[in-house]
Structure formats: C-alpha cells, structure tokens
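A short write-up of the structure that comes next.
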Amino acid sequence: MTDFDFNYGVQDGIATVRLDRPQKLNSLTFKTYENLERLTRELAREDAVKVVVITGEGKGFCSGGDVEEIIGELLKMGPEGHRHFTRLSCDLIRNMRNLNKPILAAVNGMAAGGGAMLALGSDLRILSERARFAFLFVRVGLAGSDMGALYLLPRIVGQGKAAELLLLGDTIDAHEARRIGLANRVVPHDNLMQETYELASRLKNGPHHAMAVTKELLRLEADLGLEAALDMEAAAQARCMQTPDFKEGYQAFVEKRPPRFNR
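According to our numbering, the sequence shown is numbered sequentially starting from -10.
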C-alpha cells in the first residue's frame, strides 16, 4: 500500500505501517483515517500477521489532523459531517484495541493530537529520545474527549496527570513520557527501529493465543469489578491450559531450552 499516505508491508509475521507525509510531519487526512480504519479492521483476518508496528517517516511520528485538509474542511461541515468524522476516528482506535495482536508504536518524533492517540491506542510505545507528546485538542477549542483519550489516558498515566495533559495541552518530552508511564521504553534515536523490531520479534515468537487472550482481557476487565474479573480470568486461563502452547512451555522449561510455540 503506497497510495494511502502510509506505506504498509509484512515481513516474517510483522506488519509495518509507516505514515508517509514527512513534509507535513505525517499529518492525517480524511483519506488516511479511512484507510487506516479499513486496514486495522482487516488485520483481524490476516493470519500471516502476528504483530503490528506503527511509525512515521522523517522527523515526526504524526502531528495530528492536517490543518487545511481536515480542520479547514470540518469548519465548512454541518453536524452530520462532524459526526461521521468523529465516528471514523473513534472506529480506528476501536479496531486497534479490539485487534488481538500486539501493536507497537515506534514514536520517532512529535506525536500530537490524533497522532498522540495513534500511539495511545497501541499496546506498547517505544520512544526515540527525540519523541514528544502533545494532546492538543483544547488548544484548538475542542474537548479532550477525542478518539478515546478520556478513557485510555487515565488508565495509563492516572487521572490527575491525564487531566493536566488534556486540559493544558502542553508538550512533554520522551523522558517525561517514560516517567509518567506513557512510554514503555526510551531509546537512542538511531536505535529506535532496531529495538522496536527486536521487541516485535519477541512477541511474534511468543504464544499467540495466550497473548491474544491477555490483550482481550486487559480490555474487558478495565470496566469490571474484582469478582467478575476473577471469574473471567479463571475461565480464560483454563482454556489456555488446554492448548499445545501450554504443554510446550512446560516441556521447554523441563528440558532447559527455548519454547517452540505453535505458529
């Protein structure tokens, strides 16, 4: 895929989505949103893909919605057009969270607005030392309730820090993102993709069913009480105990060798 404002390819079970508008810091257009929403929906049926990596071309990860091609056009629309767009952008995040395959964001520069949400919608965020985050919605007169920000961000950085980031719209650097839990890792800029793919390879070689169940339950249990969560975990873990991967994990441990999980 090269005509969608991003490049897409699969190698050895790892799919890479590389946003490709470097002259505009990979800002998003309506077309980009539409094609990313379609791709993330279709990835659920792509058996050859085990892990997904999202990154940006050039100096930025993604600067959010293009000022002219999205914000300017939204100002010309009525309520129906606004609703269509906000549903589209939320459907993209829904697809990412519902996809039972790990998604890694390799944040190589600025991640602002919708770009910050692409990273937030991923499961793991690996940041270059040059990376920055800004949840800019209030800075343009919009609520912080954009693309699931009010649901996801407090669960990652806590209610107080989420309120600060969303109400002020300030930019934070990679090390502050790591300090508050927004970044899983911060690495030297030149090592970003190497370290991201090493982590992606570890996930690709892991037990896919068990990881899919883990991601699913992380999502479902976020809104459950303890009793319901324990019941759900007990049922899911019992099912995992019936898989070949569970037996292989035990055999590998006993034989003191790396596990060879079912691919």
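In this text, a Cβ means the ideal position worked out from N, Cα and C, and glycines have one as well.
ask   = Can you list, in chain order, the residues of its chain whose CB lies under 6 Å from that of Pro91, leaving out five sequence neighbours each side?
value = The beta carbon of Pro91 sits closer than 6 Å to the beta carbons of Val40, Asp112 and Leu192 from its chain, once the five residues preceding and following it are set aside; these are given in chain order.
query = Going by alpha carbons, who is nearest to Gly96 out of Asp80, Thr75, Arg128 and Gly47?
reply = Going by the sequence as given, residue 96 is Val instead of Gly. Looking at the Cα atoms, Gly47 is the closest of the given residues.
Minimum C-alpha distance to Gln0 - residue among Glu210, Pro233, Ala218 and Ser190 = For Gln0, the closest of Glu210, Pro233, Ala218 and Ser190 by C-alpha to C-alpha distance is Ser190.
inquiry  = Are the CB atoms of Leu181 and Ile82 within a distance shorter than 8 Å?
reply    = Result no, Cβ atoms of Ile82 and Leu181 do not sit closer than 8 Å.
ask   = What are the boundary residues of the beta strand (DSSP E) that Ser117 is part of?
value = In this chain, the beta strand (DSSP E) harbouring Ser117 covers Leu113 to Ser117.
inquiry  = Just to confirm my understanding: we take Glu57, look at its own chain, exclude 5 residues before and 5 after, and list those with CB closer than 7 Å. What are they?
reply    = Residues of the same chain with a CB within less than 7 Å of the CB of Glu57, apart from the 5 flanking positions on each side, do not exist.
task = Please name the residue, chosen from Phe(-5), Thr160 and Ile43, that lies closest to Val127 on a Cα-to-Cα basis.
result = Nearest of Phe(-5), Thr160 and Ile43 to Val127, Cα basis: Thr160.
Exposure label - Arg249; buried when at least 16 CB within 10 Å = Arg249 should be labelled exposed.
key: Opposing strand residues paired with Cys51 [DSSP bridges]   = Its beta-bridge partners are Ala100.
task = Can you check DSSP and say which residues form a bridge with Phe(-5)?
result = When beta bridges are read from the DSSP output, Phe(-5) appears opposite Leu8.
query = Roughly how far, in whole angstroms, is the beta-carbon of Gly49 from the beta-carbon of Met99, given that I think they are within contact range, below 8 Å?
reply = Rounded, the Cβ-Cβ distance is 5 Å, consistent with contact.
request  = Compare the beta carbon distance of Val125 and Val146 with 8 Å and say whether it is the shorter of the two.
outcome  = The residue you asked about is not Val; residue 125 is Leu in the sequence shown. Contact: no.
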